[in-house]
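Undergrad: This is the structure I have questions about; it appears just below.
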Amino acid sequence: MAVRRPPDRKQRIAAAAADLFRERGFRNVSVADVAEAVGITAPALYRHFKNKQALLGYVVSDGLEVMDRIGREAESLDELLRAAIALVADQRGLATLWRREARHLPEAEREELRHHLSGIAGRYAALIRAERPDLPEADSTLLAWSLLGVLASLAGHRYSLPRRRLEALLTRLTSTVVRCELGTAAPSEPTEAVPDPAQLAQPFALSRREQMLTEAIRLFDERGFQSVSTDDIGEAVGTSGPNVYKHFPSKTDLLVAGVVRGGERRAAGTAQALARGGDPRQTLDLLLHAHIDFALENGHLLGLLLSELDQLPEEQRKRSLQVQREYVELWVKVLDQAAPGLDATEAKIVVLAVLSVVDSAARTGRLRSRPDLDDRLFEIGTALLLAR
């Protein structure tokens, strides 16, 4: 007697793959791993998906479709927020798929996903404008992307609260974002930029080593460390792959150098902010300005810090994660001094939501063209930090 396949097998495969891709990364998961998680053979999986890349494309698109559907079905802004909060509270790793793993898809498919995500932001923006009809379209778009940044922030950490407290905190944060008043802050004063070796070298030619590091950082961010070869790096600077080894012992050493540079540049900006002194509220403002400046000026370095730390050798990975924890703890300390009232876990979730909003905006092309983006992000970040 023939054994009938469960009618939901395709969805079970997709759910198992999504979990594995989020936990281990696309390159570290095999078709056999997914099949084993579902309790089937690899040939049985291939009846539904022709290869692992097709499976990734399906799960990323499916995750975006869920986010899109709640926007299409919501009849009000508050209804959208309730549905979105329930979704990310249940599937907090959802954003990891399109933030980190979609890079492993073909460019044409990535472009379709970017268009899909822009459509989601557009639907959310329309609901914001329905409640705030006087809001300019550009501002509603920025607030919609910021809402997505808050929702996506849960995917980047493991801090947790009891369900009701988490939903209450997310309700406060998301409501604060979509109702934030923009255009009220005075233009920020220019800050002393952290020197960029590439800029310091101009008009002189960059050294071949610096060229390789610059291109490696860009490629690692755009494609993912494991999807980039030394031949790719060599080609980007007009030489062969083997010549990379004259300057770096391995491809991993390029990644380590990039992560170290990103951490040092962020730390330098933070140190400059703290050195300016002032009361706790002024210090919080300076810290926020420093992070916004870093994110807007160092997009590819930021990408490494957000997505490639798990590719580092164990010792460097642990050190980098510790640096990241200390960075968040510094924010929590300053926030508690400037605006007490949150417990430690709540404060960490709030801080990471603010960083997610800033980092996401800095890496979203249509937002980066705003000449006032730094000031508007400062307003949104301040509103989130002070929301009680």
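Counting from -2, one number per residue, gives the positions in the sequence shown under our numbering. All C-beta atoms in this analysis are idealised placements derived from N, C-alpha and C, irrespective of residue type, glycine included.
With burial defined as no fewer than 16 other Cβ atoms inside 10 Å of the residue's Cβ, what is the status of T173: buried or exposed?
TA: buried
Undergrad: Would you check if the distance between the CB atom of L91 and the CB atom of V57 is smaller than 7 Å?
TA: no
Undergrad: Is F375 buried or exposed, if buried means 16 or more other CB atoms sit within 10 Å of its CB?
TA: Its Cβ being crowded by 16 or more others within 10 Å, F375 is buried.
Undergrad: Suppose you measure from the CA of G255 to the CA of Q313; what does that come to, to the nearest Å?
TA: G255 and Q313 have their alpha carbons spaced roughly 12 Å apart.
Undergrad: Is it the case that the Cβ atoms of L381 and L170 are separated by a distance below 7 Å?
TA: In contact: L381 and L170 (Cβ atoms closer than 7 Å).
Undergrad: Can the beta-carbon of H113 be found closer than 7 Å to that of F23?
TA: no
Undergrad: Apart from the five residues on each side of it in sequence, which residues of its chain come closer than 7 Å, Cβ to Cβ, to V63?
TA: Shown here for V63: same chain residues with a beta carbon closer than 7 Å to its own, the five before and five after excluded, namely L84 in chain order.
Undergrad: Rounded to whole angstroms, what's the CA-CA distance from G39 to E108? Just pull it up for me.
TA: Contrary to the premise, residue 39 reads as Ala rather than Gly in this sequence. A39 and E108 have their C-alpha atoms spaced approximately 29 Å apart.
Undergrad: Contact check, A268 vs V355 under 8 Å by CB: the rounded distance?
TA: Not really, about 19 Å apart at Cβ, beyond 8 Å.
Undergrad: Helix, strand or coil, according to DSSP, for R365 in the structure here?
TA: helix
Undergrad: Taking 7 Å as the limit between beta carbons, can you name the residues of its chain near K7, skipping five residues before and five after?
TA: Closer than 7 Å at the Cβ level, and outside the excluded window around K7, lie H45.
Undergrad: Tell me which same chain residues have a C-beta within less than 8 Å of the C-beta of D333, skipping the five on either side of it?
TA: L339 and A344.
Undergrad: Quick check: the Cα distance between D75 and R69, rounded to an integer number of angstroms?
TA: 13 Å
Undergrad: Could you tell me the boundaries of the alpha helix (DSSP H) in which D282 lies?
TA: P277 to E294
Undergrad: With a cut-off of 8 Å on the beta carbons, I'd call E325 and L298 a contact; round off their distance for me.
TA: The amino acid occupying residue 325 in the given sequence is Val; Glu does not appear at that position. That belief does not hold up - the Cβ atoms of V325 and L298 are roughly 18 Å apart, past 8 Å.
Undergrad: Report buried or exposed for K49, applying the criterion of at least 16 other Cβ atoms within 10 angstroms of its Cβ.
TA: Label assigned to K49: buried.
Undergrad: Please report how far the alpha carbon of L271 lies from the alpha carbon of R262, in whole angstroms.
TA: Answer to the nearest angstrom: the Cα atoms are 14 Å apart.
Undergrad: Just curious, the alpha helix (DSSP H) that R93 is in, first and last residue?
TA: First, the amino acid is wrong: residue 93 is Thr here, not Arg. First-last of the alpha helix (DSSP H) with T93: L91 to R96.
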